[in-house]
Ligand code: AMP
Ligand code: ZN
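Residue numbers (our numbering): 61 to 548.
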């Protein structure tokens, strides 16, 4: 099938045809988490959005190298390169080594993303594992005349840079306004210009995460790690750079500046930004204290939640909004998503029970496929795809009820279509079945209760348990090895 994938490029502020730099290959870099605390649901939304993008590119046949970093060093509390390192702060609070903090929350991050059924990136580089690459890049920027060192700290010279390049290319802001919104330099300031930012920061004596450098002992600024690691694994120029919208104004703006000042080329052809998950209209964030942890959502153990929701219902909730729209969190919206997800899974479950006919009269599967691809080709429009899938759900239910017919060949094609769009592209899986180990444990509990009833000669209860299980498709069999069960 001919594809004409179009995506919204923040750099040009319009939808553009996707043409990779090297035919059939895609290099994609996405800013990963800062692993100093648990990821919240907002972070997860961004990573689920890029999982959808990654999955679709792979589905289209591209060989994708997907790089997503782990920020485990040099991320300061303040935007002005001031304050303590976030890891050091948390380490003091939890009485752990900074690298214990990093390990703990990296594992937590992976666990959560696995529950959301996201595919791991091809490469997941850490900032602490790439200090020499960052030092090398800082040195090149100094050599090219776009950075200067003061007392062990290296700053990027924004005023010099803007003479040759467009510093506000990503957000289209007015440079004058930016300057006006930045505080005046104080007498103590080492920086030459108000917009200058640190590439390398001199470590105070108490700073634990520290590395030797040509400028003394210190640690890297936050922005330089992404420039250095994207260059190492994807080259000076690659196809897609992504992250949450909140990163565009500072982090990504500075990444572009660093890469241009170092390599004389803009790093990415397409910049993609995902919109925020909000709670009552306010951005979900760690600092605002309105952040749900995914675990709280799964168990329902949170004061704002009526009940718990499965990871797949939450993934479905996220995919029902376009990645560039905000998504507001509410019990009602989750409840609706949960119902929708279950309806979709139930319909797919019916496919194996459908009786085929010599003729099909349910409509045109090719047209459905075409519209589904058109939705995804239009800047990964998952909500439009999901609306299309609900049309298919209605068709399946009608075929099952005998109101419409389908041939065996068409049924197989319908199964392939659903497997591609629901499982491969949307990345959903059927969590309604439960894994068999868990099912076995649950069945043992029920079987033991029935045996107890039998022992107490409460045959009414023991028979009722057997009948109820039969009604949901589970059969019990008493044998010399005890009571066994199977699905009918
Ligand atoms: P952080 O760990 O804070 O660096 O954030 C990791 C990723 O999550 C970044 O790409 C952020 O843009 C993204 N992010 C943070 N808050 C939200 C939110 N409320 N909704 C969607 N994405 C978010
Ligand atoms: Zn980054």
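We put the beta carbon where it would ideally sit given N, CA and C, even for glycine.
Over what stretch of residues does the alpha helix (DSSP H) that includes residue i continue unbroken?
i, result
"residue 453", "442-460"
"residue 282", "282-294"
"residue 332", "Careful: residue 332 lies outside any alpha helix (DSSP H), inside the beta strand (DSSP E) at 328-334."
"residue 313", "313-323"
"residue 101", "101-119"
"residue 374", "371-379"
What's the gap between the Cα of residue i and the Cα of residue j?
i, j, result
"residue 162", "residue 440", "33 Å"
"residue 133", "residue 213", "16 Å"
"residue 178", "residue 107", "8 Å"
"residue 141", "residue 339", "Its pLDDT being 49, under 50, residue 141 is placed unreliably in this model, and the coordinates cannot settle the point."
"residue 538", "residue 527", "14 Å"
"residue 522", "residue 388", "47 Å"
"residue 277", "residue 192", "13 Å"
"residue 482", "residue 490", "10 Å"
"residue 428", "residue 127", "33 Å"
"residue 119", "residue 171", "25 Å"
"residue 306", "residue 432", "30 Å"
"residue 114", "residue 181", "9 Å"
"residue 138", "residue 310", "The predicted position of residue 138 is uncertain, since its pLDDT is 49 and thus under 50; a value taken from the coordinates is nonetheless stated next. Going from the Cα of residue 138 to the Cα of residue 310 covers about 12 Å."
"residue 233", "residue 308", "11 Å"
Quick one: give me the first and last residue of the beta strand (DSSP E) that residue i is part of.
i, result
"residue 63", "Residue 63 -> no beta strand (DSSP E), and no H or E assigned at all."
"residue 127", "123-128"
"residue 414", "Looking at the DSSP string, residue 414 is not in any beta strand (DSSP E), and its letter there is neither H nor E."
"residue 163", "Looking at the DSSP string, residue 163 is not in any beta strand (DSSP E); the run it does join, the alpha helix (DSSP H), is 158-175."
With hydrogens ignored, establish whether the beta-carbon of residue i is closer than 8 Å to any heavy atom of the ligand AMP.
i, result
"residue 166", "no"
"residue 364", "no"
"residue 286", "no"
"residue 93", "yes"
Is any non-hydrogen atom of the ligand ZN found closer than 8 Å to the C-beta of residue i, if you look at the structure I gave you?
i, result
"residue 333", "no"
"residue 1", "For the chain, the structure presents residues 61 to 548; residue 1 sits outside this window and is missing."
"residue 259", "no"
"residue 562", "The structure shown does not extend to residue 562, since the chain is modelled only from 61 through 548, so no value can be given for it."
"residue 322", "no"
"residue 543", "no"
"residue 103", "no"
Among the residues of its own chain, which have a CB less than 8 Å from the CB of residue i, if the five just before and after it don't count?
i, result
"residue 255", "218, 219, 227, 238, 239, 242"
"residue 403", "450, 453"
"residue 417", "465, 466, 467"
Which residues in the same chain as residue i place their Cβ atom closer than 6 Å to its Cβ, once the five residues preceding and following it in sequence are excluded?
i, result
"residue 366", "391"
"residue 160", "none"
"residue 131", "94, 187"
"residue 525", "510"
"residue 76", "69"
Can you name, in chain order, every residue of its own chain whose Cβ lies under 7 Å from the Cβ of residue i, other than the five neighbours on each side?
i, result
"residue 398", "369, 373"
"residue 251", "215, 245"
"residue 196", "none"
Under a CB-based cut-off of 9 Å, is residue i close to chain C?
i, result
"residue 237", "Any reference to chain C falls outside this structure, which holds one protein chain only."
What runs of the beta strand (DSSP E), each 3 residues or longer, lie entirely inside the stretch 65-90? 66-69, 74-77, 85-90
What runs of the beta strand (DSSP E), each 3 residues or longer, lie entirely inside the stretch 196-264? 207-210, 213-216, 257-262
Complete runs of the alpha helix (DSSP H) confined to the stretch 338-409 [at least 4 residues]: 354-359, 371-379
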